[in-house]
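**Student:**
2 protein chains.
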Amino acid sequence: MTFPALNVFTPNALSGGFDGRDEDASVHDQVYEALATLLIQGQIPPGKSVSLRTLASGLGVSPMPVREAVRRLIAQKALELQPSNKRLRVPSLSEDRLKQLMMARQWVEPELAFRAVAAMTRDTIAELKADDQRLMAALTKGDVDGYMQANHAFHFRIYRLAQADLFLDMAKTLWLQSGPFMRVVFGRLGTVQLPQDHHQELIRAFESGDAAAVRQHMSDDVHEGMELMLEALKR
Amino acid sequence: MTFPALNVFTPNALSGGFDGRDEDASVHDQVYEALATLLIQGQIPPGKSVSLRTLASGLGVSPMPVREAVRRLIAQKALELQPSNKRLRVPSLSEDRLKQLMMARQWVEPELAFRAVAAMTRDTIAELKADDQRLMAALTKGDVDGYMQANHAFHFRIYRLAQADLFLDMAKTLWLQSGPFMRVVFGRLGTVQLPQDHHQELIRAFESGDAAAVRQHMSDDVHEGMELMLEALKR
DNA sequence: GCCTCGAAAATGTGATCACAAAACAGCGGA
DNA sequence: TCCGCTGTTTTGTGATCACATTTTCGAGGC
Chain U
13 MTFPALNVFT
23 PNALSGGFDG
33 RDEDASVHDQ
43 VYEALATLLI
53 QGQIPPGKSV
63 SLRTLASGLG
73 VSPMPVREAV
83 RRLIAQKALE
93 LQPSNKRLRV
103 PSLSEDRLKQ
113 LMMARQWVEP
123 ELAFRAVAAM
133 TRDTIAELKA
143 DDQRLMAALT
153 KGDVDGYMQA
163 NHAFHFRIYR
173 LAQADLFLDM
183 AKTLWLQSGP
193 FMRVVFGRLG
203 TVQLPQDHHQ
213 ELIRAFESGD
223 AAAVRQHMSD
233 DVHEGMELML
243 EALKR
Chain P
13 MTFPALNVFT
23 PNALSGGFDG
33 RDEDASVHDQ
43 VYEALATLLI
53 QGQIPPGKSV
63 SLRTLASGLG
73 VSPMPVREAV
83 RRLIAQKALE
93 LQPSNKRLRV
103 PSLSEDRLKQ
113 LMMARQWVEP
123 ELAFRAVAAM
133 TRDTIAELKA
143 DDQRLMAALT
153 KGDVDGYMQA
163 NHAFHFRIYR
173 LAQADLFLDM
183 AKTLWLQSGP
193 FMRVVFGRLG
203 TVQLPQDHHQ
213 ELIRAFESGD
223 AAAVRQHMSD
233 DVHEGMELML
243 EALKR
């Protein structure tokens with residue numbers, strides 16, 4: 013399998029990020045957002061080693077802001093410095109670590125969804141439906157990257173509504189850590205076997221304002237996705 | 013009230029950290045450990061603004077490794093850049109954020125304690141008892157800083173045993189965020205009114221290998237401490 | 001064809017410089 | 001005594017340089 017990896021970098025590719033508003037953000041922040049998006053959507057495979065200068069020239073900036081962005085990502089365990097080399101790398105997941113990730117995600121993400129119920133609007137529900145349609149379209153096209161992106165958009169559109177910064181950050185960190193491996197697993201399985209997610213039920217629960225159901229469906233959704241990864245890891 | 017703050021910096025004060033092993037660690041890591049310890053033990057008050065160059069000269073290094081350490085701490089929300097100024101500061105806690113901190117700590121720390129039961133040894137229990145004695149001694153002496161330090165040592169001696177890196181990192185991040193405010197509250201209350209913690213019960217539960225009791229007592233301990241902070245914040 | 005070795009390139013780390021923006025101190029005036 | 005202005009200092013940010021270590025890779029020998 014080949015990864016698009018860092019070819020996405022056209023000179024001055026800085027403007028990506030998940031939500032497009034950057035305006036006067038510092039270079040450091042733009043670099044961070046760019047890298048974080050790549051990682052969350054799994055466009056850099058686990059074990060892949062990256063380098064400051066390569067990233068920097070790929071993004072058209074000096075190594076300095078990249079160093080700070082990378083430091084941040086290391087703090088979130090989205091990147092790691094191998095102790096032998098001191099060289100930069102996307103971490104691989106052990107079974108133990110994956111289980112912890114699953115537990116943490118299953119704790120924080122249902123809570124976020126629960127809190128989002130009160131703030132949910134008709135407009136956001138429409139956007140969620142659009143996300144879900146993009147997701148289904150990607151599935152039928154066999155477009156794993158499209159699936160990753162739409163799934164990410166769907167979930168964090170909900171989480172942002174929860175008005176719970178700390179929990180939101182925790183969720184981001186957890187996604188940063190699971191993204192690369194998730195992409196590998198889903199890519200290996202192919203879109204046909206991808207989990208029958210619970211997005212439809214989630215949307216319906218949001219529409220009826222049933223907070224308990226929202227929590228439950230989000231829990232199921234996270235559980236199913238992570239369970240798939242766990243099985244893949246054991247083989 | 014006065015804070016010892018950064019006067020603790022003697023030229024080349026780098027060697028602190030919580031556990032003393034630094035040997036060949038990079039300057040960046042040493043700076044990070046030094047700052048993290050200061051923050052966790054609340055030796056820098058919330059709202060206090062710090063500066064890269066001040067920290068750097070206080071630690072006897074160039075601003076460069078400090079920048080990276082600070083970036084890391086910002087990622088953990090142990091420091092923040094105020095958006096107006098772009099100036100560096102120890103964050104203050106809103107009631108909302110404090111509640112999230114409490115929920116997160118009450119989820120992750122009992123889990124860590126639970127997992128530590130299997131790995132607990134007679135030696136570690138002895139060390140825990142020593143920590144608790146230092147804690148009690150600090151209480152009777154009215155030594156708030158000593159209390160903070162002993163409490164930190166006690167808890168993370170347990171958490172390190174759990175062999176759960178991800179959860180351990182989450183706990184560290186949460187302590188980094190609560191440390192400064194906790195120090196203020198406990199300092200204001202005075203050591204006399206400090207929570208009657210559950211360390212004794214915890215130790216007994218560890219001795220008898222009762223994992224369920226360990227989880228429960230840790231939950232109570234965290235709850236009581238955070239509840240105290242919550243009440244203080246409301247006033 | 002395969003291995004070994006050594007020069008060249010690349011990497012992370014730390015220090016230093018340059019610059020614009022913000023904070024600060026001190027002075028003059030009301 | 002208090003307010004407002006101005007020149008100085010301090011701040012974060014980004015770029016560049018220097019250096020030790022590691023990786024890479026191609027030439028030479030078997």
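Residue numbers (this note's numbering), protein chains in the order written: chain U, 13 to 247; chain P, 13 to 247. For every residue, glycine included, the Cβ atom is placed at its ideal position computed from N, Cα and C. Predicted model, so just to flag it, every value in this text is computed and none were measured.
Quick one: does ARG172 (chain P) have its CB under 7 Å from some CB of chain U?
**Tutor:** Not closer than 7 Å to any Cβ of chain U, the Cβ of ARG172 (chain P) fails to qualify, so no.
**Student:** Whose Cβ in chain U lies nearer than 8 Å to the Cβ of LEU113 (chain P)?
**Tutor:** Near LEU113 (chain P) (Cβ distances below 8 Å), the residues of chain U are LEU178.
**Student:** Beta-carbon within less than 7 Å of ALA183 (chain U)'s beta-carbon, same chain only, minus the 5 sequence neighbours each way: which residues are those?
**Tutor:** Once the five neighbours on either side are set aside, the close Cβ partners of ALA183 (chain U) are VAL120, GLU121, LEU124 and TYR171.
**Student:** Mind pulling the alpha helix (DSSP H) runs of 4 or more residues that sit fully within the stretch 123 to 203 of chain P?
**Tutor:** Complete alpha helix (DSSP H) runs here, min 4: 134 to 153, 156 to 173 and 177 to 201.
**Student:** What are the start and end residues of the beta strand (DSSP E) that includes ARG79 (chain U)?
**Tutor:** Element bounds for ARG79 (chain U): not the beta strand (DSSP E) but the alpha helix (DSSP H), 75 to 87.
**Student:** Restricting to Cα atoms, I'd like to know which of P:TYR159, P:ASP209, P:ARG134 and P:GLN161 is closest to LEU173 (chain P).
**Tutor:** LEU173 (chain P) has its Cα closest to that of P:ARG134, out of P:TYR159, P:ASP209, P:ARG134 and P:GLN161.
**Student:** So that I know if they touch, is there some Cβ in chain P lying closer than 7 Å to that of GLU107 (chain U)?
**Tutor:** Closer than 7 Å: no.
**Student:** Alpha carbons only, please: which of P:PRO192, P:GLN94, P:ALA81 and P:SER220 is nearest the one belonging to ILE52 (chain P)?
**Tutor:** Residue P:PRO192 is the option with its Cα nearest to ILE52 (chain P).
**Student:** For ALA176 (chain P) versus GLN112 (chain U), is the C-beta spacing smaller than 7 Å?
**Tutor:** Their beta carbons are under 7 Å apart, which means ALA176 (chain P) touches GLN112 (chain U) by this criterion.
**Student:** Is the Cβ-Cβ distance between GLN88 (chain U) and LEU186 (chain U) less than 7 Å?
**Tutor:** Not a contact, by the Cβ cut-off of 7 Å.
**Student:** Closer than 8 Å is the cut-off here; do at least three beta carbon pairs connect the stretch 207 to 218 of chain U with the stretch 100 to 118 of chain U?
**Tutor:** No, the stretch 207 to 218 of chain U is not in contact with the stretch 100 to 118 of chain U.
**Student:** List, in chain order, every chain P residue whose beta-carbon is nearer than 9 Å to that of LYS89 (chain U).
**Tutor:** In chain order: ASP177, LEU178 and ASP181.
**Student:** Please compile the residues from chain P whose C-beta is within a distance smaller than 9 Å of the C-beta of GLU243 (chain U).
**Tutor:** Ordered by position in chain P, no residue passes the 9 Å Cβ test against GLU243 (chain U), which lies about 20 Å from the chain.
**Student:** Check each residue of the stretch 56 to 81 of chain P: if its Cβ is closer than 7 Å to any Cβ of chain U, include it; give the result in chain order.
**Tutor:** Within the stretch 56 to 81 of chain P, the qualifying residues are ARG79 and GLU80.
**Student:** Give the straight-line distance between the Cα atoms of ALA131 (chain P) and PRO95 (chain P), rounded to the nearest whole angstrom.
**Tutor:** Answer to the nearest angstrom: the Cα atoms are 45 Å apart.
**Student:** For the alpha helix (DSSP H) containing LEU50 (chain P), list its first residue and its last residue.
**Tutor:** Segment 39 to 52, the alpha helix (DSSP H) holding LEU50 (chain P).
**Student:** So the beta strand (DSSP E) GLN94 (chain U) belongs to, where does it begin and stop?
**Tutor:** Looking at the DSSP string, the run of the beta strand (DSSP E) that includes GLN94 (chain U) is 92 to 94.
**Student:** Does the distance from the CB of LEU110 (chain U) to the CB of LEU242 (chain U) come in under 7 Å?
**Tutor:** Their beta carbons are under 7 Å apart, which means LEU110 (chain U) touches LEU242 (chain U) by this criterion.
**Student:** For ALA244 (chain U), I'd like the list of residues in its chain whose CB is within less than 6 Å of its CB, leaving aside the five on either flank, ordered along the chain.
**Tutor:** Excluding positions up to five away in sequence, the list reads VAL197.
**Student:** Determine the extent of the alpha helix (DSSP H) in which LEU71 (chain P) is found, giving its start and end residues.
**Tutor:** Note, LEU71 (chain P): alpha helix (DSSP H), 64 to 71.
**Student:** Could you tell me the distance, in whole angstroms, from the CA atom of PRO16 (chain U) to the CA atom of GLN55 (chain U)?
**Tutor:** With a pLDDT of 35 at PRO16 (chain U), under the threshold of 50, the modelled position of this residue cannot be trusted; read the value that follows with caution. Roughly 6 Å between the two C-alpha positions.
**Student:** How about ASP34 (chain P): is its C-beta nearer than 7 Å to some C-beta of chain U?
**Tutor:** Unreliable placement is indicated for ASP34 (chain P), whose pLDDT of 46 sits below 50; no coordinate value is reported for it.
**Student:** Contact check, GLU139 (chain U) vs ARG169 (chain U) under 8 Å by CB: the rounded distance?
**Tutor:** Indeed they touch by this definition, with Cβ atoms about 6 Å apart.
**Student:** Under DSSP, the alpha helix (DSSP H) around LEU214 (chain U) begins and ends at which residues?
**Tutor:** First-last of the alpha helix (DSSP H) with LEU214 (chain U): 211 to 220.
**Student:** Give the straight-line distance between the Cα atoms of ASP155 (chain P) and SER69 (chain U), rounded to the nearest whole angstrom.
**Tutor:** Going from the Cα of ASP155 (chain P) to the Cα of SER69 (chain U) covers about 53 Å.
**Student:** For chain U, find out if any of its Cβ atoms is closer than 7 Å to the Cβ of ARG83 (chain P); answer yes or no.
**Tutor:** By this cut-off, ARG83 (chain P) is an interface position.
**Student:** Considering only the beta carbon of each residue, do PHE166 (chain U) and ASP143 (chain U) sit closer than 7 Å?
**Tutor:** Cβ distance < 7 Å, so PHE166 (chain U) and ASP143 (chain U) count as in contact.
**Student:** Which same chain residues, not among the five before or five after GLU107 (chain U), have their C-beta less than 8 Å away from its C-beta?
**Tutor:** Answer for GLU107 (chain U): LEU242, LEU245 and LYS246, listed in chain order.
**Student:** Could you please give the first and the last residue of the uninterrupted alpha helix (DSSP H) stretch that includes ARG227 (chain P)?
**Tutor:** Per DSSP, ARG227 (chain P) belongs to the alpha helix (DSSP H) from 223 to 246.
**Student:** Taking C-alpha atoms, which residue in P:LEU50, P:LYS153 and P:ILE137 lies nearest to ARG195 (chain P)?
**Tutor:** Of the candidates P:LEU50, P:LYS153 and P:ILE137, the one whose C-alpha sits nearest the C-alpha of ARG195 (chain P) is P:LEU50.
**Student:** Which same chain residues, not among the five before or five after SER63 (chain U), have their C-beta less than 8 Å away from its C-beta?
**Tutor:** ARG99 and LEU100, listed in sequence order.
**Student:** Tell me, to the nearest whole angstrom, how far the beta carbon of ALA223 (chain U) is from that of VAL129 (chain U); I am working on the premise that it is less than 8 Å.
**Tutor:** Between VAL129 (chain U) and ALA223 (chain U) the Cβ distance is about 4 Å, and since that is below 8 Å, they are a contact.
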